[in-house]
Structure formats: structure tokens, C-alpha cells
Amino acid sequence: MTAAPHSGDAAATGPQADPVAELMAAAGPAILEELDEAYPASLLLVGRILGGRTGATDARIVGLDRNGVELLLRDGGHDHPVRVEFAEPVTDADLITRALFDLVRRARAESGEEGETEAERIDRERERLRTFFTTVASVEDVHPHLRRITLRGGDLATFEPVGPDTFVYFLLPPPGRRELTVDRTFTWELHARMPEDERPVGAYYTVRRWRPDVQEADVLVVLHGDDGHASRWAARAAPGDPVAIWGPRTAYHPPPGTAHLLVVADDTALPAAASVLEQLPPGTTATVLAEVAGEDEHQELPGGEGIDVTWLHRDGAAPGTTTLLPDAVRALPPLPARTYVWGGGESRAMTAIRRHVRSERGLPRDAVSLLAYWRRTEDGAAR
Ligand SMILES: Cc1cc2nc3c(=O)[nH]c(=O)nc-3n(C[C@H](O)[C@H](O)[C@H](O)COP(=O)(O)OP(=O)(O)OC[C@H]3O[C@@H](n4cnc5c(N)ncnc54)[C@H](O)[C@@H]3O)c2cc1C
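The sequence shown begins at 0 in numbering that gives the first Met the number 0 and counts up by one.
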């Protein structure tokens with residue numbers, strides 16, 4: 000459940016005793032940090048109104064469980080802990096963001112104040128999101144761990160990308176089924192109420208190329224084995240397979256006047272990185288740090304004047320187990336003025352880079368968009 004796409008919307012992961020506790024035990028500090036970075040004004044609104052500290056000027060999230068959040072509110076020069084309960088317990092770790100957004104909505108309604116915080120902006124933008132039904136038109140292996148899947152037709156007649164990193168959520172058939180279990184009325188509220196064996200599974204993927212004349216979208220899917228529903232589906236995808244996609248969304252928001260881009264990406268974010276670089280405004284330069292298994296898994300990236308690409312090879316290490324990307328960022332010389340840092344990859348790597356560029360390089364919050372595109376788990380369980 001990362002900030003922007005905040006996988007916060009993703010599919011169910013099977014029956015678990017307390018999925019929020021499990022997620023917090025595995026990655027608690029990183030998750031709290033992501034929420035702090037993504038939703039500072041939203042958390043403050045919740046703390047001020049629902050936590051009863053109307054004079055607070057700053058809020059940090061310091062705890063999260065299935066029943067609510069703990070916030071530290073800065074008020075009158077002191078920190079005050081407050082706890083705010085969710086309306087109902089969160090039963091799926093992927094629905095945490097939704098529960099937080101519900102708190103923000105409640106706080107706004109109770110406050111009677113005008114305004115719009117980060118969570119409310121995302122909520123508003125989500126209202127235009129839809130479910131598109133389309134079909135796999137072709138499948139091509141770029142290399143043994145990367146598959147190009149082309150979708151064509153159906154509702155793509157009215158699809159429009161929303162940014163260079165445009166991404167969509169693939170709503171796939173539940174495990175063991177071939178037919179889709181959603182229709183155009185799909186919402187995440189409905190999803191939460193669907194019987195377990197009817198719930199779609201899925202993941203976010205980037206629209207690498209969009210050809211409006213023929214209503215075709217290419218996605219490049221990393222095949223990481225059968226432990227993930229989406230990777231499993233992609234490895235078996237064939238022309239004619241039905242696909243539902245929910246979106247489109249973007250998390251690429253360079254501040255006005257951006258002169259330089261620092262792009263950090265592993266295999267999963269390289270399709271988006273390639274599109275971002277293709278659409279770089281004239282005069283903007285870019286430093287690209289790209290992590291892949293080895294030379295034979297390089298992905299196509301636009302080069303040219305002002306774009307400096309460094310490939311980092313895992314050399315046999317498993318994805319998500321190295322510090323190649325954070326180490327490479329730390330080793331960079333001072334960043335040019337008006338740098339925007341954009342990237343995606345494994346959650347821990349993105350957290351380490353965010354900490355470094357925010358604390359040690361002093362970049363402001365709006366100059367950094369680093370997304371946890373995926374989260375490594377040791378047991379292969381989803382998220
Ligand atoms: C905005 C956004 C855009 C994205 N765009 C793309 C894209 O264009 N192409 C792409 O391939 N991915 C992309 N991703 C990442 C993709 O959504 C994740 O890799 C997702 O976890 C795959 O789902 P799954 O069902 O296969 O595995 P999950 O059920 O999520 O995970 C199952 C297991 O597989 C592991 N795992 C998950 N992903 C990987 C991986 N890449 N390598 C190794 N192990 C992994 C997990 O740690 C876990 O142990 C994007 C993610 C986001 C948020």
C-alpha cells in the first residue's frame with residue numbers, strides 16, 4: 000500500500016488471522032513513513048478533528064493496526080499521542096489505504112472546513128476511474144523473465160493515458176478460474192464485499208505503449224514465478240484471454256520548473272522509466288539508474304544528449320535483496336538544481352532512497368515520487 004498507486008487497492012490475499020498485524024510486523028516502519036510522506040495534510044486533518052486537537056499544526060502516524068491509527072500531533076510546542084478508530088476493522092491489508100481515506104472523509108465532514116488534502120484529491124481523481132474490458136491480442140517474450148502483452152479493442156476505444164507512467168490495475172480471474180468475475184460496475188467497496196472465491200486477483204501494470212489508432216496497449220510484465228497471481232496469469236496469457244483493467248492513473252508529478260530528472264528503477268519500473276524519458280521536455284536532463292539481473296535483461300531505454308544511463312546488475316542475487324539502487328544514489332555527486340526524483344522498485348530500496356534524498360540531499364517532499372512497485376516477502380505470500 001504505497002502512496003500513489005498505493006497498491007492500497009489491490010486484490011485479496013486469502014484468509015489471514017490479522018493481515019494488518021502481519022504486514023506491520025514485516026514492514027511497519029517503511030509503511031508508516033510512506034503514509035507520512037504521502038498524506039501529511041490528510042493525517043493532520045484526521046488528528047485535529049477526530050483526535051480532538053484542533054490547534055495541532057503537524058501530525059505523524061506512529062502506529063497502525065486493524066482497528067485504527069495512532070498519531071503524534073504537534074500542538075502548542077509539544078507532541079500529543081492520539082488514537083483514532085476505523086469505522087470497522089480492516090480485514091485485508093490491501094484495504095488499509097481505503098480505511099484511512101474513510102477517516103479523512105469523516106474528518107472533513109465533521110470539520111465543516113473548506114479545503115482538499117492529498118487523500119481527498121486522490122479520492123476525487125478516482126471518481127473518473129473506470130473498468131475497461133478488453134482482450135489479449137498477442138504475447139511476446141522479450142527475454143525469459145519479461146513478457147510483452149498487447150491488449151486490443153473492447154472498451155479501449157475510450158481509453159486515454161493520463162501521464163507518461165500511466166498505470167492500470169489488472170483485475171484477473173480468481174485462482175483456478177478462467178472467466179472474469181467483475182463487470183463495469185466494479186468498485187473497491189464492492190470488491191471488499193465479494194465472496195472470497197469470487198474476488199478478482201491482480202496487480203498494477205504500466206501502459207508502455209498506447210496506439211489509439213488501433214486501440215492497442217502494450218504492457219511489459221516481469222515474470223517472477225508462480226508465487227504471484229499476476230505473474231502466474233501473465234506466464235500463461237494467450238490471445239483471446241479476457242482482461243479487465245481499472246484506471247488509468249499516474250504518479251508522475253514533476254514540480255513546475257524541473258530541470259533535471261533522477262530516475263531510479265528496477266525491472267518493474269523500467270517500462271514506465273522508458274516512457275518518462277521518451278516524453279522528457281526539451282532541455283530537461285536525466286540521470287537514470289536501472290537495476291536488472293544482468294546484461295541480457297537490459298530493457299530498451301531512450302538515450303541521447305542529456306540522458307545518462309547506468310545499468311546495475313544483480314549478478315545472481317534475487318530481486319529485492321540488494322542495495323544496488325540506494326548505494327548508487329548515495330554515490331551520486333551533488334544533484335543539479337531543480338531535480339525531480341522519480342522511480343519505482345522494491346519497497347525497501349525505495350524507502351532507503353527516499354530517506355536519503357529527503358534527509359541528506361534536502362529535497363522537498365514534492366520533488367520526490369518514489370513508489371513501492373512491489374514488496375519482497377520471504378515466503379512468497381502475496382505482499
Ligand atoms: C504503479 C505501478 C506500476 C507497475 N508497473 C509494472 C510493470 O509495468 N511491469 C511489471 O512487471 N510490474 C509492474 N509493477 C509491479 C507489479 O505490480 C508487482 O510486481 C506485483 O507484485 C506483481 O503481482 P503478483 O501477483 O505477480 O505478485 P504478488 O502476489 O504481489 O507477490 C507474490 C510474491 O512475488 C514477489 N514479487 C512480486 N513482484 C516481484 C518482482 N517483480 N520480482 C520478484 N518477486 C516479486 C513478492 O515479494 C511475493 O513474494 C507495477 C507496480 C505499480 C505499483
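For glycine and all other residues, C-beta sits at the position ideal for the given N, C-alpha and C.
Small disclaimer: the values here were computed from a predicted structure and weren't measured.
Cβ-based burial, residue i [other Cβ within 10 Å; buried from 16]
| i | result |
| --- | --- |
| residue 342 | buried |
| residue 240 | buried |
| residue 141 | exposed |
| residue 54 | exposed |
| residue 164 | buried |
| residue 124 | exposed |
| residue 226 | exposed |
| residue 18 | buried |
| residue 386 | The requested residue 386 does not occur in the structure, where the chain is confined to residues 0 to 382. |
| residue 88 | exposed |
| residue 268 | buried |
| residue 237 | exposed |
| residue 156 | exposed |
| residue 16 | exposed |
| residue 317 | exposed |
| residue 97 | buried |
Straight-line gap, residue i to residue j (C-alpha atoms, nearest Å)
| i | j | result |
| --- | --- | --- |
| residue 367 | residue 349 | 11 Å |
| residue 336 | residue 200 | 43 Å |
| residue 173 | residue 255 | 43 Å |
| residue 423 | residue 122 | The requested residue 423 is not part of the displayed model; the chain covers only 0 to 382. |
| residue 76 | residue 52 | 13 Å |
| residue 370 | residue 346 | 7 Å |
| residue 13 | residue 331 | Reliability of the predicted coordinates at residue 13 is poor, the pLDDT of 42 falling under 50, and the value obtained from them is presented with this limitation in mind. Cα to Cα, residue 13 sits roughly 42 Å from residue 331. |
| residue 212 | residue 158 | 11 Å |
| residue 311 | residue 228 | 28 Å |
| residue 260 | residue 194 | 44 Å |
| residue 130 | residue 186 | 9 Å |
| residue 66 | residue 319 | 30 Å |
| residue 204 | residue 263 | 17 Å |
| residue 78 | residue 50 | 13 Å |
| residue 184 | residue 191 | 14 Å |
| residue 80 | residue 86 | 20 Å |
| residue 234 | residue 321 | 25 Å |
| residue 344 | residue 253 | 19 Å |
| residue 56 | residue 92 | 29 Å |
| residue 232 | residue 217 | 16 Å |
| residue 244 | residue 103 | 27 Å |
| residue 338 | residue 197 | 45 Å |
| residue 119 | residue 294 | 43 Å |
| residue 84 | residue 377 | 31 Å |
| residue 64 | residue 355 | 27 Å |
| residue 144 | residue 292 | 10 Å |
| residue 28 | residue 95 | 15 Å |
| residue 282 | residue 307 | 14 Å |
| residue 270 | residue 178 | 28 Å |
| residue 302 | residue 277 | 9 Å |
| residue 353 | residue 149 | 33 Å |
| residue 202 | residue 90 | 19 Å |
Sub-8 Å separation of residue i and residue j beta-carbons
| i | j | result |
| --- | --- | --- |
| residue 329 | residue 26 | no |
| residue 154 | residue 134 | no |
| residue 451 | residue 99 | Residue 451 lies beyond the stretch modelled for the chain, which goes from 0 to 382, so this question has no answer here. |
| residue 169 | residue 287 | no |
| residue 296 | residue 266 | yes |
| residue 290 | residue 324 | yes |
| residue 167 | residue 246 | yes |
| residue 215 | residue 136 | yes |
| residue 251 | residue 275 | yes |
| residue 248 | residue 340 | no |
| residue 40 | residue 117 | yes |
| residue 207 | residue 189 | no |
| residue 59 | residue 71 | yes |
| residue 146 | residue 138 | yes |
| residue 285 | residue 315 | no |
| residue 364 | residue 36 | yes |
| residue 115 | residue 48 | no |
Proximity test, residue i beta-carbon vs ligand 3 heavy atom, cut-off 7 Å
| i | result |
| --- | --- |
| residue 340 | Here the bound small molecules are ligand 1; ligand 3 is not part of this structure. |
Min CB distance residue i to chain C below 8 Å
| i | result |
| --- | --- |
| residue 245 | No chain C is part of this structure, which consists of one protein chain only. |
For this session: Specify whether the stretch 37-51 and the stretch 14-24 touch according to this definition: at least 3 beta carbon pairs, one from each stretch, less than 8 Å apart.
Result: For the pair of segments examined, the stretch 37-51 was found not to touch the stretch 14-24: the number of CB pairs separated by less than 8 Å stays below three.
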